[in-house]
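Down below is the structure, laid out as structure tokens.
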Amino acid sequence: MASHSLSFFRVLLLLFLTTLSERIKGQGVGINYGQIANNLPSPARVAVLLRSLNITRVKLYDADPNVLFSFSNSQVDFMIGLGNEYLQNMSTDPTKAQAWLQQRLEPHISKTRITSIVVGNEIFKTNDHVLIGNLLPAMKSVYAALTNLGLEKQVAVTSAHSLDILQTSYPPSSGSFKEEFIQYLEPLLDFHSQIKSPFLINAYPFFAYKDSPKEVPLEYVLFEPNPGMVDPNTNLHYDNMLFAQVDALYSAIKTLGHTDVEVRISETGWPSKGDENEIGHVSGSGVEGGEVNLAKEGQLTITEKGGDLDVAGL
Ligand SMILES: *[C@@H]1O[C@H](CO)[C@@H](O)[C@H](O)[C@H]1NC(C)=O
Ligand SMILES: *[C@@H]1O[C@H](CO)[C@@H](O)[C@H](O)[C@H]1NC(C)=O
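Numbering that gives the first Met the number 0 puts the sequence shown at residues 0 to 313.
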């Protein structure tokens, strides 16, 4: 997808989603705050906007000091990003992680609520095995540096992955990882389990729909009334693809021996305005409206861990 189109996803189409607990309480939404776009409002303006929308969770793709400063003394929880370009240095030299934290996190942590660091974004998608191999060592360096600062309980260390780390996602109970990535995912999941941090997934039912508009019912990806599907192995009924995707990931994680790693959705959404080839885009309502309504109605049916679906959570 063209980068300007990505910005539509990440900026113009604020992706409003709630955590499970908030679904039950019916309050709170999180967004991804991307800055690859034209005519962006200033961070100070965004802070006002988010407050008016009662948004209390934000994920940044970087650790932009202007943004973090603008949210000083706010009630907003931030996930900050540590870009792929840092992974190599940090994997070999833990002092680089220490320096990054001193520069990017320490000046803000007393005033802005930073709850996690997302180390690398969709790293498996690069297919660069050297880079992929650097992910876990870099995460360990960041965790060690946080521990040195006494912040390892306050700030979680994680990474965000694209759903195409999965080989199989249908039916959800057959979810499995791509064979070539298992050697990296096994120790990565062990680390998540050890430090009790969530596994983040960027899950876009939109892409599945875009690739097979004839086979995938629009209602199934848009959280609209539809017959859904039943997983023949578990008899669980899914009436939307997003929850099926999350359960497929839980199944894949289980095949690597873990039932103790929580999955959270770090990105999802639907274009309100897309490229020429991005058919089926909807304006304004769509997934966002659907999920917010769902939140109010408390219809969540995520399985495996008894209902842990957390979106852009902390
Ligand atoms: C934000 O929360 C306040 C207080 O709970 C409520 O009155 C208001 O309607 C909410 N605004 C939006 C946009 O949800
Ligand atoms: C990695 O380390 C080298 C050597 O210190 C430095 O020149 C380079 O800028 C670093 N890369 C990043 C992305 O910080």
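Even for Gly, the Cβ is constructed at its ideal location relative to N, Cα and C.
Item	Value
Does the Cβ of residue 85 lie closer than 7 Å to at least one heavy atom of ligand 2?	yes
Just to confirm before moving on: does the CB-CB distance between residue 158 and residue 181 stay below 8 Å?	no
In the DSSP assignment, what residue or residues form a beta bridge with residue 175?	167
Helix or strand or just coil, what does DSSP make of residue 183?	helix
In the DSSP assignment, what residue or residues form a beta bridge with residue 112?	76
Here's a check: name, in chain order, each residue in its chain whose Cβ is nearer than 6 Å to the Cβ of residue 107, leaving out the five neighbours to either side.	67
At the level of alpha carbons, what is the spacing between residue 65 and residue 236?	45 Å
Quick one: what's got a C-beta closer than 7 Å to residue 55's C-beta in the same chain, skipping five residues either side?	27, 74, 75, 76
Let me check understanding here. Comparing Cα to Cα, which of 95, 93, 83, 45 lies closest to residue 71?	45
Rounded to a whole number of angstroms, what is the C-alpha to C-alpha distance between residue 281 and residue 105?	The predicted model places residue 281 with a pLDDT of 42, which falls under 50 and marks its position as unreliable; any figure quoted below should be read in that light. Looking at the two C-alpha atoms, the distance is approximately 41 Å.
Going by DSSP, which residues form a beta bridge with residue 266?	201
For residue 126 and residue 161, which I take to be in contact (beta-carbon distance under 8 Å), what is that distance rounded to the nearest angstrom?	So it is not a contact: roughly 11 Å between Cβ atoms.
Report the three-state DSSP secondary structure of residue 25 (helix, strand or coil).	With a pLDDT of 37 at residue 25, under the threshold of 50, the modelled position of that residue is not reliable, and the figure given next carries that caveat. Of the three classes helix, strand and coil, the one that applies to residue 25 here is coil, per DSSP.
Among 170, 84, 137, 263, which one has its Cα closest to the Cα of residue 97?	137
Taking the alpha-carbon positions, what's the residue 267 to residue 241 distance?	8 Å
If you draw a straight line from the alpha carbon of residue 213 to that of residue 225, how long is it in whole angstroms?	15 Å
Regarding residue 88 and ligand 2, is the C-beta to nearest heavy atom distance less than 7 Å?	yes
Mapping the DSSP letters down to three states, classify residue 140 as helix, strand or coil.	helix
In this structure, does DSSP put residue 122 in helix, strand or coil?	helix
In chain order, which continuous runs of the alpha helix (DSSP H) of length 4 or greater are located wholly inside the segment 199-262?	204-210, 217-220, 240-254
Whole angstroms is fine: what's the gap from residue 239's alpha carbon to residue 218's?	8 Å
Suppose you measure from the CA of residue 88 to the CA of residue 254; what does that come to, to the nearest Å?	32 Å
Quick one: what does DSSP say residue 35 is sitting in, helix, strand or coil?	coil
Identify, in the order they occur along the chain, each residue of the same chain with its Cβ nearer than 6 Å to the Cβ of residue 144, setting aside the five sequence neighbours on each side.	96, 97, 100
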